[in-house]
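Peer 1: Dropping a structure here in structure tokens format, bear with me for questions.
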Amino acid sequence: MATRNQTYRTRLAKYLRTRRGKLSQAEFAKKLSISQSTLARIECEDQNVTIDMLELMCKRLKCNLSELIPGS
Numbered sequence: 001m002a003t004r005n006q007t008y009r010t011r012l013a014k015y016l017r018t019r020r021g022k023l024s025q026a027e028f029a030k031k032l033s034i035s036q037s038t039l040a041r042i043e044c045e046d047q048n049v050t051i052d053m054l055e056l057m058c059k060r061l062k063c064n065l066s067e068l069i070p071g072s
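Quick note: the sequence shown uses our numbering, first residue 1, plus one each step.
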């Protein structure tokens, strides 16, 4: 469970790294329909993510926003 002092970026980055597992960033990015460099920036917490991108990730990962950003 995410602690309250973690940012949404941190929670999203951790969730995506966990879901990616042993897949390469390139493979996982393809699954998400985003570029590898975008995924790398998200995982490094350097990327602003739009609502549209969050919706796309939820659709591609078959999850809801509360799963994508735990503790939100």
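Every residue gets a Cβ at the ideal spot worked out from N, C-alpha and C, and that includes glycine.
Is the beta carbon of R60 sitting closer than 8 angstroms to the one on L32?
Peer 2: It is a contact, given that the beta carbons lie within the stated cut-off.
Peer 1: Got a sec? Which residues, its chain only, sit under 8 angstroms from N48 by beta carbon, not counting five neighbours each side?
Peer 2: None.
Peer 1: Please classify I34 as buried or exposed, where buried requires at least 16 neighbouring CB atoms within 10 angstroms.
Peer 2: Per the 10 Å Cβ criterion, buried.
Peer 1: Please specify which runs of the alpha helix (DSSP H), each continuous and at least 4 residues long, are wholly inside the segment 38-72, giving them in chain order.
Peer 2: Counting only runs of 4 or more, we get 51-61 and 65-68.
Peer 1: What are the start and end residues of the alpha helix (DSSP H) that includes T18?
Peer 2: Y8 to R20 is the span of the alpha helix (DSSP H), which, as asked, contains T18.
Peer 1: DSSP state of A2, grouped into three classes?
Peer 2: Here A2 scores only 47 on pLDDT, less than 50, and its place in the model should not be relied on; the value that follows carries that caveat. If DSSP states are grouped into helix, strand and coil, A2 belongs with coil.
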